[in-house]
Every structure is written in C-alpha cells, then in structure tokens.
Amino acid sequence: MLGAAVGAAYAGISRPTRGAYVDDLMAAGALGVPLWGLVSVITFPLVSGQMPEWSAGQMRAHFPALVGWVLYGASLGLLAQGLSDIVDRVLGAEPARRASAPSVTKRIVILGGGFAGMRTAERLEVQLRANPSVSITLVSDTNALLFTPMLAEVAGSSLEPSHISTPLRSSLHRTEFIRGHAAEIDLEQRRVILGNGSADEGTGAPREIPYDHLVLALGSVSNYLGMANIEKLAFNFKSLLDAIRIRNHVIEMFERADRESNPSRRQALLTFVIAGGGFAGVELAGALNDFAHGILADYPNLHSEELRVVLVHSRNRILPELSESLGQYAQEKLEARGVRFRLGARLTDAQPGVVVLSDGEIRATTLVWTAGTAPNPLLNSLPVDKDKRGAVIVDGTLAVRGHSGLWALGDCAAVSDAKTGKMCPPTAQFALRQAEVLARNIHAQLEGRRTRTFHFDSLGALCVVGHQTACAELTVPFFRTRSMRFSGLLAWVMWRGIYLSKLPGIERKTRVLMDWTAELFFPRDIVQTIDLR
Amino acid sequence: MAALESSIRAAVGPGAAGSVWIEPLLGLGVGAVGGALGSALLTTSLAHGVLLGGLFGLAFGLFFAHRATSPGAGLMWGVGSALMLWVVIPAGILPMLAGPSRSMGMLSDARAQFPELVAYLLCLGMPVGVTLGIRGGLRTSAGQPQFRWGRAIVAGGLAGTLGGLIFGRWMSEGDFFPLVAGFGELHSRTANMTLHFGIALVIGATFGMLFQRDIRGYGSSMGWGLGYGIFWWFLGQLTLLPVAARIPLDWSAEHGSELFGALVGHILYGLILGVTYATLDRVWIRLFIQSDPLNREAEGPGIRFLRSLAWGALAGLVGGLISSPVMLATGILPKIAGLGSGFSSFAGLLIHLFISALIGMSYGLLFRNEASSLGLGVAWGWLFGLIWWYLGPMTFLPLMLTGVCDWSTDAASALLPSLMGHLIYGAVTALTFLLLERRYTRWLILDPRLAARELRRIRPVGTPAPPLWFFALGLGVLLPILLG
Numbered sequence: 160m161l162g163a164a165v166g167a168a169y170a171g172i173s174r175p176t177r178g179a180y181v182d183d184l185m186a187a188g189a190l191g192v193p194l195w196g197l198v199s200v201i202t203f204p205l206v207s208g209q210m211p212e213w214s215a216g217q218m219r220a221h222f223p224a225l226v227g228w229v230l231y232g233a234s235l236g237l238l239a240q241g242l243s244d245i246v247d248r249v250l251g252a253e254p255a256r257r258a259s260a261p262s263v264t265k266r267i268v269i270l271g272g273g274f275a276g277m278r279t280a281e282r283l284e285v286q287l288r289a290n291p292s293v294s295i296t297l298v299s300d301t302n303a304l305l306f307t308p309m310l311a312e313v314a315g316s317s318l319e320p321s322h323i324s325t326p327l328r329s330s331l332h333r334t335e336f337i338r339g340h341a342a343e344i345d346l347e348q349r350r351v352i353l354g355n356g357s358a359d360e361g362t363g364a365p366r367e368i369p370y371d372h373l374v375l376a377l378g379s380v381s382n383y384l385g386m387a388n389i390e391k392l393a394f395n396f397k398s399l400l401d402a403i404r405i406r407n408h409v410i411e412m413f414e415r416a417d418r419e420s421n422p423s424r425r426q427a428l429l430t431f432v433i434a435g436g437g438f439a440g441v442e443l444a445g446a447l448n449d450f451a452h453g454i455l456a457d458y459p460n461l462h463s464e465e466l467r468v469v470l471v472h473s474r475n476r477i478l479p480e481l482s483e484s485l486g487q488y489a490q491e492k493l494e495a496r497g498v499r500f501r502l503g504a505r506l507t508d509a510q511p512g513v514v515v516l517s518d519g520e521i522r523a524t525t526l527v528w529t530a531g532t533a534p535n536p537l538l539n540s541l542p543v544d545k546d547k548r549g550a551v552i553v554d555g556t557l558a559v560r561g562h563s564g565l566w567a568l569g570d571c572a573a574v575s576d577a578k579t580g581k582m583c584p585p586t587a588q589f590a591l592r593q594a595e596v597l598a599r600n601i602h603a604q605l606e607g608r609r610t611r612t613f614h615f616d617s618l619g620a621l622c623v624v625g626h627q628t629a630c631a632e633l634t635v636p637f638f639r640t641r642s643m644r645f646s647g648l649l650a651w652v653m654w655r656g657i658y659l660s661k662l663p664g665i666e667r668k669t670r671v672l673m674d675w676t677a678e679l680f681f682p683r684d685i686v687q688t689i690d691l692r
Numbered sequence: 002m003a004a005l006e007s008s009i010r011a012a013v014g015p016g017a018a019g020s021v022w023i024e025p026l027l028g029l030g031v032g033a034v035g036g037a038l039g040s041a042l043l044t045t046s047l048a049h050g051v052l053l054g055g056l057f058g059l060a061f062g063l064f065f066a067h068r069a070t071s072p073g074a075g076l077m078w079g080v081g082s083a084l085m086l087w088v089v090i091p092a093g094i095l096p097m098l099a100g101p102s103r104s105m106g107m108l109s110d111a112r113a114q115f116p117e118l119v120a121y122l123l124c125l126g127m128p129v130g131v132t133l134g135i136r137g138g139l140r141t142s143a144g145q146p147q148f149r150w151g152r153a154i155v156a157g158g159l160a161g162t163l164g165g166l167i168f169g170r171w172m173s174e175g176d177f178f179p180l181v182a183g184f185g186e187l188h189s190r191t192a193n194m195t196l197h198f199g200i201a202l203v204i205g206a207t208f209g210m211l212f213q214r215d216i217r218g219y220g221s222s223m224g225w226g227l228g229y230g231i232f233w234w235f236l237g238q239l240t241l242l243p244v245a246a247r248i249p250l251d252w253s254a255e256h257g258s259e260l261f262g263a264l265v266g267h268i269l270y271g272l273i274l275g276v277t278y279a280t281l282d283r284v285w286i287r288l289f290i291q292s293d294p295l296n297r298e299a300e301g302p303g304i305r306f307l308r309s310l311a312w313g314a315l316a317g318l319v320g321g322l323i324s325s326p327v328m329l330a331t332g333i334l335p336k337i338a339g340l341g342s343g344f345s346s347f348a349g350l351l352i353h354l355f356i357s358a359l360i361g362m363s364y365g366l367l368f369r370n371e372a373s374s375l376g377l378g379v380a381w382g383w384l385f386g387l388i389w390w391y392l393g394p395m396t397f398l399p400l401m402l403t404g405v406c407d408w409s410t411d412a413a414s415a416l417l418p419s420l421m422g423h424l425i426y427g428a429v430t431a432l433t434f435l436l437l438e439r440r441y442t443r444w445l446i447l448d449p450r451l452a453a454r455e456l457r458r459i460r461p462v463g464t465p466a467p468p469l470w471f472f473a474l475g476l477g478v479l480l481p482i483l484l485g
C-alpha cells in the first residue's frame, strides 16, 4: 500500500516524457534517499507507537532500508516510465495541451489612462486573476500614466520628462491596451467607437469595441470659460507635452531677450504670467521662478530685475485647498523669492504680447492657464445625469444611475461620499481610492455579490512653493477632523518622500532620485529639445 | 541487425544520430580499460574488472550515451550511473544474497565495499561518461546553448580561486587546507598554500568548462558545485594527492573517515564555487547579454528579486514550522537557543523560525529559476535542505557557538538525525514557494510575454539534473552514514 501510494504521488508530480527511462531511474533513485528518512526513520517508529530515537546509531541501523528505498525508487522510476509508454502506445499519446483561446464572455472597457483608469485596470487584474472569461481593455490617448504632482518640475527643467511617466503597456499584464480616443459612446448598443485620429493614421473604418461594463475615467480638460483669445495664446498645463513646451518656451524667451535691444520688448519677453492660484498654478510659479533665475547665469546680458513671474488669481488668497495660514506662508515665501501676485484680478483677454486683466494689463509674451478645468467634452453627448460642471453623476457605488454596466470615477465624475454626503474633490488621491472600490464592485457584479459604497477621508495635501520649501496639511490618523500643518524644509522633505513613494515603478523612482541628486551638484539644463520658432 | 538498431534508436530517443553502435563500443572499450585499472588498484581479479567495466561501458553507451551531450553532462551521468551500480550490486544484491536481517552487518559490508565505490566512480563512471560526453559534444553541438570558452575559464577560474581564498584564509590559522588535507605533513605551508590555490583554480576553471551549459541559475550552480565538490574529494583527496605524494593509495572507509573533514571542506568549497561562478556568470550575462535590448524581458529583474525575497521568507517560515518538531527532537533547537545566552527552547523556536525565514529568502533568490513543477521543486528543495545541513549545523552553528567548526565524523554522527529535519525543511520550503509563485503566475501567464518566460524556465528532459540529484543527495547522505 505504501509503495502504491508513493508510486501514485511520484506519477502525480513527475512529467512523463516518452523514452526518458534513465532520467526517471536517477530522479526516482534520488527520491528514495529522503523517503528512507521520512518513512523508515520517522514514520515507521511513530506508527508502531515508538518515538524515533534520533541517534546516528538508530539511523545506521536503518541502512538496509536506505539501500532498499534507493532500489525501490530506481525501480519505481523505470516502471512508471514503462507503464506511461505502454499506455501511450495503447491509447495513443496524450494530446498536447493547446493554448486554447480564452472564451471571453464579459468585456470590461475602461476609457482613460490617468490615475483613475490605470488603477481600475490594475485592481481588476488582481481581482479577476486567471479568469480568462473576462477581458479588460483600456483606451487612452497617451500610452503612459503621467504623474501630475511632478509636472511642474518638468516645466522647471528639474526632472526629465519621461521619468515621471510610466508606460501603460509595461505596467498592465492581461489588459489589452489601445492608444486612441473614443469618438462616440453608444449606450444602447453597448459599444465604444474609436476616432480615426490624425490623417496619417489611415482612413479605415472606425473601430468599435463592445462592452458589458464601461468605465468612464476620461479626466478633465482646461476650461477657458469661453475666452477664445486666451485659449489660442495661453499654454495649457495638463500634459507632459504642455510641460515640455513651457520649458522650451521659457528658454526661447531668454534667447530672444538676450539679443533684444529694446527694453520694453525685453521686459515683455522676460515676463511670465500664470493664471490660477491653486496647486498647479502655485507649484508652476515656484518652479518657473527658480528655473528662470537659475539660468540667468548663462545669459550675462540679462539681469534679475528684468525677470518677472506673475501669478494672477481671482480670489484674495492663493491655495484655497489649504488653511489660510499656509496660503499666506506660501505667498510670502514666493514673494521673497521674486514672484509677484495680482490677487482679486481676473483674466479677461489676451493679445500677442499683452495679458488683459480685470484691473489692468501686463505686457508679457508668456501666459500659462491653470485657472479652470471641465470634464472631458465627450461626456456632453452622453444622455446621463450631469452636474453643473458637466461631470457624470454617479451613485454611492460609482455606478451611473439608469444605465446598467456604466461606471464613472475621477475628475469626470460627480462622486459624493457615502458617509459624509460631501462631493469628492477632483484629485488623484480620491481617484485612486475610487478606482479600488469600482474594480471591486465590477468584480462583485460579475460574481453576483453585493457592491459597496465609496467613502474616503482625505489624507491631506502638500504643495512645493520653491527651492527646498513647501507647505503641507496632513490629516491626523484616526482623527479625520483634525489636521497637522508643516512648512519649510521639513514639509519639502515630506513632499519629496511621499510623492517619490507614490510614483509608480522602482525604475522611475530611481531615475527621479538620480535627477534630484544631480540637481544638487549641477545647474539646470537649458538645451532646447523642441523648436518653437 | 537493422531491426535491432532501429529498436535501440527508438528506445534511446531522438537525441541519437549516426550509428548507434559507436557509443556502446566506445563505452565498452573505455569501461574495460577502466575496469582493468580499477582491478589493478584494488588488487582484485583482472578478468572480473574487465568484464564488469566492459558491461558498464556497454550499458552506458546503449542507454545513457544520448544524454551525455557534453563532457560535463557525461561526467554527471557517468558518476551517477556508477553510484547506482554500486548501490545495486556491492551494497544491495551481494549483501542480500549473503543473508537476511543483518542490518549492521550490511552496513559493515558496505563499508568494506567502499574501495569499490571509489573505483566505480573514478575508473568507470568518470572515464566512460567524459569520453562519451566528448563524443556527444562533437555530435550534437547544433541546437544547444552556445558554449563560450572565455566565460567558462574566466568565471570558473575566478570563482575557484575566490572559493579557495575564503577557505585558505579561514583555515590557514590552523594550518588546515581543505583541498590538500592529508597532504600537508609532507610539505611546507607555502607549498601547501600554493597547491591549495592551484587546485582551487583548476577545479574552478574545469567547473566552468564542464557545466556552463547545464547551469541555469544560482541554485542549480550550487547543486552542481556540491556534486563537483564531492567528486573532487574522491578524485583529489583520495587519489591524486597520494599519487602525487607517492603514497600508496588507500581507498578504505577508515581512510575516508580520517578525511571526512576534508569532505565537508570540499562540499562547502563546491557550494562557494557554485554560487560565485553563478554570480560571475550572471554578471557576465547581465552586462553583455541581457542588457541587449533584443533580449529585454517584460518584467524587470528588480521586481522579480523583491518578489522572490518575500515569497522565500514566507515559504521558509512554513518550512521552519513544519520541520521544528524534528529539530526540537534532534536537539538542534536548544543549540540554536544557545546562540543567545539564557534562551529557552521557545526562544530557540523563535530564532529557528527567524533563521528559517532568512534561509527561505535565500531559497527564493537562488532557486527561483529552477523549479517549475512540483517534482522539480521537491528535488531541488531536498538538495537545498542538504546544502543547509552542511552549512548550518555542521559549519555556521558551531562557528557561532564556539568559534571553531568541527568537521569530524563524530560531529557528523551527532548531527545526522537533524539531517532529516533539514530535508523536510527544504522540501516544504520549495513546495510552498512554488505554490506562492503559481498563485501569482497563474494569472500573469495570460500575458503572452510572461507566458513565454515561464515556458523558458522549464528544464527540458535530458539535462544532467537527475544524475546530479542522485549523486549529490545519495552521497551527501550516504557518506556521513558510511564513514561515521
């Protein structure tokens, strides 16, 4: 019986290959050595009601059994192989397992490759594991996840652009990735129609992607409030290309100013206006201010008095997301480093070389818009409930009411917290948590389980305002209504530590860390990488 | 004849090419010469030696030659087959024929047959295996991984010297050089040291030349190092050094017992050689082969490294838990508790579990590319357990407790029962690691890039891993029993 049990176990764990007698002879012979220890030395005494003696003498007394087990193992290997070959010959060889194409019965399509879309795909991969009956498709107009908290450092030439972007294809394993944009969503037919893209991408028939579950994670776009001139002349600050353009434009302005003899025109060239005093505007103002002052050393004809970084904000204080004292601290620090503020002023128009405010004009050739965002315009065509921003209203489980299998999250969704009832802010912190709940809910629906509602207490916020200076307001753990405030070098170290840990992928972390280290010893690069003339 | 030839060809598989009679005849000739040499050295009947050697060579040529695709593979299959022959005939059938129920008598008989074991390995297994391996290498070079002489000699030589350096430094305080033990009374310390490093260099360089194609990662390299270390104890200590010193050959079990410390030294040297060779080899591969964008993999090595550490720690913890009753019963746990003063056995258990997790991490790092199935996992796990028996209670534990490692047969006898605990630990760790890994890869293999990587990890049938398991595991357990 023991022999049969061991033989069955051996057949179970070995891979029979036709004619491999000598391999089985040796492998099973080796198997006999530990089996001798397990069975003759340990199990037999225990079964017969005795404790093993655990002495060398006792083990040596079992030497004949050792020889026996090795001979048994070798015979077992030969016999198992022989029987396997006979069975093959009589019944025919076992058909090789073909990599059968998985029969997909459910299709999940995610639109958008930002924090919300990417995390949803990642969590779905974990939730669905090896279930080949469910396919996941992610459609994004960029092939990388942009780590937006570090975008200002790219514009300020502190970080290499690609170091803060993680390729979606490398990060996702079982998700089909399609680079493209959704031109239309047909809720009736449950399909997404992709746009043809640019002319050189071909003019074939638009691709249609059917879905059972559709996740809207389309994010937001800049909202110019209908001011066409500003939309035409201002730089956007949403994508990696925007940051690269801004950096190259700043260098271009320095090059032009260097050969400009007219003081007025030179002044306009060296004036950089940023509209919006939220996180993006303040961090960009700080980064551009540091960058512009830093590269002055390479332009001996230009002087720091000629350089102006102006932040325009419609309210009376910047950083409304943080407490007033931190907003005040940030403003003072930025002013001390040379940034000028026009608070309580609105942008009304822009002309080449002139930025028009509600209370005057600024002669400037550079304007960056960070003052407003709106949900992706594709949502306008969807017959679903939306809030006044145009964001899709979802219930507590992140499902769109009245449309089975339709979900939304992130900047393009109006999500209310299930516990507090408050609207969630359109930040990455919330988008990531929403993605986890949404992936879990889709999985629950697929398996017929109950879905859960979304609730998350903000962890706080951090903002860099200049060289080794930041401000932070972090929620006290377990006391969600109370927060701790930090500023200065400590907050800056926290900012770098926290965001470095959040940056996806160890490779990107290493590259960013190397960039930051190089910045301590070498000046920022002024090489123009794109031609903006 | 043609029908017989075709049936042999069918039996030996697709690896055979050309006339199937060349290998058996070559094996017959080399085996007969080896048998004659063995009988001369053992002063036994020449006819008996020639007949046995010829039959062994003929059988090897018929059934094993298609596996001997290189000198290294031939050597492993050769010594594995020779050990099997010894277990079957002198240690198995002959004592059984002599009479039943003679447990200690059978052990005595096996001890008395120890010279035959040495002769089988060195006069039959080695020459027949290497000769047919050379023939196989000339015959089947196409389709095999490319062999690089420079990489083999440089990495192997460096690894061998480094292994020798570590032990040379360590042992020179006591004027004991594991690779030339028993040879030192006749020469000065400088000569001993030179000889020690010379042998280390030769072993290392030949290791690279023989096993470059078979080694896939750190774990298998350590396994091959263990086997090669044992083999060199037979070849160097028991044979070449006495010949060089013009001392009569003594292959008796008693002389083997006297050189048991050198056996442990050879085993540890082999392990260091293996892991160092694998490290140098991996560095070579990383710098010159894997850095090539054409060879880039979907998942970077850093991610796999961290993941293997975590799985290894968890697997080691499970292995430590399951093996702890045996460790407690064999007195190893109280010894471990003695690492810190005043520890009870419970503290010993905690330290044991902590060490188990650490050793499990080493399994994750060293063997992550070896075991792709339950069978392979168990085999490598047992080898891993054996390795740690020689490293742990035989070497590190006494070193940490007393500052001196005791490699005597008495110490090995006292620790022999704990070998079972280590084998259980190795197998359980390997199986748990495999299950954790499968849980992860099961869904990852839906990604065709990762599925292709998993496919590459499967060790194909025909490599000399089975004889290595038999040789290393068999002699690694058998020698402490026989020589104690």
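Going down the list, the sequences are from chains B and P.
Quick note: the first sequence uses the numbering used here, first residue 160, plus one each step.
Quick note: the second sequence uses the numbering used here, first residue 2, plus one each step.
Yeah, the Cβ is synthetic: ideal placement off N, Cα and C, and Gly gets one too.
Because the structure is a prediction, the values reported are computed rather than measured.
Shown here for ASP674(B): same chain residues with a beta carbon closer than 8 Å to its own, the five before and five after excluded, namely SER317, LEU318, GLU319, HIS322 in chain order. With contacts defined by Cβ atoms closer than 8 Å, TYR219(P) and GLY271(P) do not form a contacting pair.
Shown here, ASN539(B) sits in a helix according to DSSP, grouped into three states. No Cβ of chain P is located within less than 8 Å of the beta carbon of ARG667(B).
GLY625(B) and ASN448(B) do touch by the CB rule: their CB atoms are close to 7 Å apart, below 8 Å. If you check the CB distance, PHE261(P) and ALA413(P) come in under 8 Å.
Non-local C-beta neighbours of THR264(B) in its own chain, meaning closer than 8 Å and more than five positions away in sequence, comprise SER292, VAL293, ordered along the chain. Contact between the region 512-523 of chain B and the region 478-496 of chain B is absent: fewer than three C-beta pairs spanning the two stretches fall below 8 Å.
Taking each of GLU390(B), MET210(B), ALA444(B), SER329(B) in turn and checking the Cα distance to GLU312(B), the smallest one comes out for ALA444(B).
For PHE438(B), same chain residues with a beta-carbon under 6 Å away, outside a window of 5 residues either side, are CYS622 in chain order. The Cβ of PHE471(P) sits closer than 8 Å to at least one Cβ of chain B.
The contact set of SER214(B) on chain P, defined by CB atoms closer than 7 Å, consists of PRO418 in chain order. From the beta-carbon of MET421(P), the residues of chain B found nearer than 9 Å are PRO193, GLY196, LEU197, VAL200, ILE201, PRO211, TRP213, MET218.
For PHE385(P), the closest alpha carbon among the candidates MET401(P), ILE268(P), LEU350(P) is that of ILE268(P).
In the three-state DSSP reduction, ALA187(B) falls in the helix class (H, G or I).
A direct Cα-Cα distance of roughly 11 Å separates ALA387(B) from GLN510(B). Taking 8 Å as the cut-off, the beta carbon of ILE601(B) is found closer than this to the beta carbon of LEU283(B).
Sequence-distant partners of PRO394(P) (beyond 5 residues in either direction) whose C-beta falls short of 7 Å from its own C-beta, in its chain, are ILE333, LEU416, SER419.
THR334(B) is positioned such that its CB atom lies closer than 8 Å to that of LEU297(B). VAL513(B) is positioned such that its CB atom lies no closer than 8 Å to that of ALA393(B).
From the listed residues GLY55(P), GLY361(P), ILE231(P), the smallest Cα separation to SER309(P) is found for GLY361(P). Apart from the 5 residues on each side of it in sequence, ILE388(P) sits with its Cβ closer than 7 Å to the Cβ of MET223, LEU227, LEU272 in its chain, given in chain order. By the neighbour-count criterion, in which 16 or more other beta carbons inside 10 Å mark a residue as buried, PHE274(B) falls on the buried side. DSSP places ASP251(P) in the coil class of the three-state scheme, outside both helix and strand. At a beta-carbon threshold of 7 Å, the residues of chain P lying near GLY188(B) are MET85, PHE471, ordered along the chain. Less than 8 Å divides the Cβ of GLY435(B) from the Cβ of HIS472(B).
The Cβ atoms of GLY79(P) and PHE61(P) sit closer than 8 Å to each other.
Fully contained in the region 456-492 of chain B are the following beta strand (DSSP E) runs of length 3 or more, in chain order: 467-472. When DSSP states are grouped into helix, strand and coil, TRP408(P) belongs to the coil group.
LEU424(P) reaches chain B at PRO193, GLY196, counting residues in chain order whose Cβ is nearer than 7 Å.
When Cβ-Cβ separations below 8 Å define contact, LEU230(B) makes contact with chain P.
Counting only residues of its own chain and dropping the five nearest sequence neighbours on each side, LEU353(B) has a CB closer than 8 Å to the CB of VAL298, ILE337, GLY339, HIS340, ALA341, ALA342, PRO365, ARG366, GLU367, ILE368.
Annotation: the continuous beta strand (DSSP E) that includes GLY519(B) extends over 519-522.
Spanning the alpha carbons of ALA533(B) and LEU318(P) requires a straight line of approximately 53 Å. In the DSSP assignment, SER373(P) falls outside any alpha helix (DSSP H) and carries neither an H nor an E.
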